[in-house]
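There are 2 protein chains.
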Amino acid sequence: MKQTTCLAGGIGAAKFLQGLVEIIPPEKLTIIVNTSDDIEMHGLHVSPDPDIIMYTLAGIVDEGKGWGMENDTFNCLNMLQKYGIETWFKLGDKDLATHIYRTQLLRSGLSLEEVTQRLCQSLKIGPRVLPMTNSKVVPQVITEAGKMHFEEYFVKRGAVDKVLDVILEGTQSANPASGVIESILDAEGIIVCPSNPIVSIGPIIAVNGVREALRETKAKVAAISPIVGGATIKGPADKLMEGLGLEASAFSVAALYKDFLDIFILDEVDKNSRMEIEELGIETIVTNTIMRSLEDKIELAKLTVEALN
Amino acid sequence: MKQTTCLAGGIGAAKFLQGLVEIIPPEKLTIIVNTSDDIEMHGLHVSPDPDIIMYTLAGIVDEGKGWGMENDTFNCLNMLQKYGIETWFKLGDKDLATHIYRTQLLRSGLSLEEVTQRLCQSLKIGPRVLPMTNSKVVPQVITEAGKMHFEEYFVKRGAVDKVLDVILEGTQSANPASGVIESILDAEGIIVCPSNPIVSIGPIIAVNGVREALRETKAKVAAISPIVGGATIKGPADKLMEGLGLEASAFSVAALYKDFLDIFILDEVDKNSRMEIEELGIETIVTNTIMRSLEDKIELAKLTVEALN
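Here is the structure:
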């Protein structure tokens, strides 16, 4: 059966996927998720992007924040703080169960893809969720305050440091998880979700063979711009792009994907970039990309899927 | 400075210590705690007896249950259950912080005694709390349903299985933690708390050199009977003793300690055992040993300390 395959980061992708699952049957959907911002917190393996995607698809995400589980408490975290431990990464009590279970399964010898599969089964998630790799990839942000993990730059320090560079450590030896390449080559349509092009989509594409598969596949590839009016809806993509010497614009995102991208969906506020992007050989669609309601999400998903047909 | 040194298990010992800390300054008190029922749950190192003692001394124990932290929630555990994990060991959310922190420190290379010291500092506990050993000792209960860890026998299965034997695995290679032997040899008084003689006090005494130190020390050794009227106040000591072919009685407990015990404090209901115990060469004191109120605890502690002088 022909699949639609998505490349996904965290919150932006999760919102888009909430719409997509309303129009594509779960068994026809594969989601390749960024695992580069996986981080060990308090000895536990935390997978921020996969968790956001899984919780969202399971209908248990904290909709207000876009991450974590709904109706969660923070009693363990508060107690960890009393033990003098840094608690800038806000792990809820229910959320902790995921990290405890994942860590235990990984220590027992399972791979990240096997663990992700188990979690998805328990959470009764229909679409296939694949981590991009079982290897460790670390997005290091080089700032004026020094080199730090992306989560430290973003969550701990609030993205206040001037970015000089971003290095994706470990990509040279990162091989794709099972099914990643096949799901790209065999897809009938590929969607690059509206996620950070530097530290979410960038790492997925940097995994061995993924960029090549995106170029080779016969499926059309569509991306939704995560940059609207020169800024990000969520997260620090704009600051990271500027740190890399790129303009924070829809055009810059399209240019980063130009070797494999067929269709670029950008917001109405950026319609003036249309011609510039089409000159890269990429078809453009201008629409409302801001997803406030479920209707917004479904509209955007429909438009994207129709463009891929 | 001369010390009073206690040998302690879980709930019974913790109750007694609540009284003792009211009459002995913290810097004069050393508590050697059983770690034989330490168990790995969900990949986390849980130390049931040290936690009961620490939470009690820190004034944060759940007084109703006698274990766990007060006002705790169980959101993580409920989520672990949704992941299909066995959750018979009731770990609260705040309580989990202790196990997460302990596990992380142990994995970083610290010994159990160093970890215990850190936890006690964070919880602002005055008396010195020493784990009996840094090694792994496992109390295996041989039952008609097979061999199982004491916590499985007691907490998971509710102590319903007929006990055939108890084996303390690992005691041959278990060396005492720093300060254990010295705190016995240099004490001015030693108290064996009202704890399970088979799986709480038994393992402490089985650690290399501890029984010998108890025999050698010039300090008097007093024990409070955990058996009252042929039954335990808390826990399955009576069932374990019967499984070992012992009568579940104050006398049997005194007999187990007879090579190092000077004073045995038993309950009024057991006053008829007095003579029999004194025939073992052990002085006896008959009193109310049931600790319902703080006053009861202080009374029992006072009586014990006075007997040691």
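Listed in order, the protein sequences are those of chains D and H.
Heads up, the first sequence is in our numbering, so the first residue is -7 and it goes up one at a time.
Heads up, the second sequence is in our numbering, so the first residue is -7 and it goes up one at a time.
Beta carbons are placed, not taken as given, at the ideal position from N, Cα and C, and that holds for glycine.
Remember, predicted model here, so these are calculated numbers, not experimental data.
Beta carbon proximity, D85 of chain H to chain D, threshold 8 Å: At a cut-off of 8 Å, the C-beta of D85 of chain H has a neighbouring C-beta in chain D.
So that I know if they touch, is there some Cβ in chain D lying closer than 8 Å to that of I77 of chain H? By this cut-off, I77 of chain H is an interface position.
Following the continuous alpha helix (DSSP H) through R266 of chain D, name the residue where it begins and the one where it ends. 266 to 270 is the span of the alpha helix (DSSP H), which, as asked, contains R266 of chain D.
Where the alpha helix (DSSP H) through I257 of chain H begins and ends: Run containing I257 of chain H: none in the alpha helix (DSSP H); it sits in the beta strand (DSSP E), 255 to 259.
Cβ atoms of G2 of chain D and I31 of chain D: under 8 Å apart, would you say? no
Along the alpha helix (DSSP H) that carries P42 of chain D, what are the first and last residues, could you check? 40 to 49
Selected residue, minimal CA-CA separation from T296 of chain H, among H:E55, H:L36, H:I277: H:I277
What in chain H is Cβ-close to A89 of chain D, meaning under 7 Å? C68, M71, L72, Y75
Could you please give me the residues that DSSP links to M140 of chain H through a beta bridge? H:V133
Verify whether the separation of the beta carbon atoms of V184 of chain D and V213 of chain D is less than 8 Å. yes
What residue range is occupied by the uninterrupted alpha helix (DSSP H) comprising K7 of chain D? 3 to 12
From L177 of chain H to L253 of chain H, what does the alpha carbon distance come to, in whole angstroms? 14 Å
List the endpoints of the continuous alpha helix (DSSP H) containing L300 of chain H. 286 to 300
Report the neighbours of Q96 of chain D on chain H: residues whose CB is nearer than 7 Å to its CB, in chain order. H34, G35
Contacts around P18 of chain D, its chain only, beta-carbon distance under 7 Å, and the 5 residues preceding and following it disregarded: G118, P119
Between Y47 of chain D and chain H, is there a C-beta pair that is closer than 8 Å? no
Do you know how far the Cα of H141 of chain H is from the Cα of L272 of chain H? 33 Å
Would you say S114 of chain D reaches chain H, if we count a Cβ-Cβ gap shorter than 8 Å as a contact? yes
Give me the DSSP bridge partner(s) of G181 of chain D. D:T(-4), D:K212
Using the Cα positions of A0 of chain D and I159 of chain H, report the straight-line distance between them to the nearest angstrom. 53 Å
Neighbourhood of G201 of chain H by C-beta, 7 Å cutoff - its chain only, sequence neighbours within 5 removed: P168, I173
Alpha carbon to alpha carbon, how far is K116 of chain D from P123 of chain D? Give it in angstroms, no decimals. 17 Å
Please confirm whether T65 of chain D has its beta-carbon closer than 8 Å to some beta-carbon of chain H. yes
Of all the residues that make up the segment 192 to 220 of chain H, which are near chain D by a beta-carbon distance shorter than 7 Å? none
On a CA-only basis, which of D:A137, D:K7, D:I134, D:N126 is nearest G56 of chain D? Give me that one, please. The candidate whose alpha carbon is nearest that of G56 of chain D is D:K7.
Is there a Cβ of chain D sitting closer than 8 Å to that of I92 of chain H, yes or no? yes
Nonlocal neighbours in the same chain, by C-beta distance under 6 Å from F256 of chain H, ignoring five residues either side: Contacts found: A215, A246, I269, I274, T276.
Alpha-carbon to alpha-carbon, Q73 of chain H and F146 of chain H: 20 Å
Can you tell me where the alpha helix (DSSP H) with R120 of chain H in it begins and where it stops? For R120 of chain H, no alpha helix (DSSP H) segment is defined; the enclosing uninterrupted segment is the beta strand (DSSP E) at 120 to 123.
When you measure from the CB of V130 of chain D to every non-hydrogen atom of the ligand FMN, does any distance come out below 7 Å? Ligands displayed in this structure: none; no statement on the ligand FMN is therefore possible.
Where in the segment 48 to 125 of chain H do unbroken runs of the beta strand (DSSP E), each at least 3 residues long, occur, reported from the N-terminal end onward? 120 to 123
Could you tell me whether any Cβ in chain D is nearer than 8 Å to the Cβ of R149 of chain H? no
Taking the continuous alpha helix (DSSP H) assigned at M283 of chain H, which residues delimit it? Where M283 of chain H is concerned, there is no enclosing alpha helix (DSSP H), given that its DSSP letter is neither H nor E.
What residue range does the beta strand (DSSP E) around E161 of chain H cover? 155 to 161
Chain H beta carbons: is any one of them nearer than 8 Å to that of R99 of chain D? yes
Neighbourhood of R203 of chain H by C-beta, 6 Å cutoff - its chain only, sequence neighbours within 5 removed: I197
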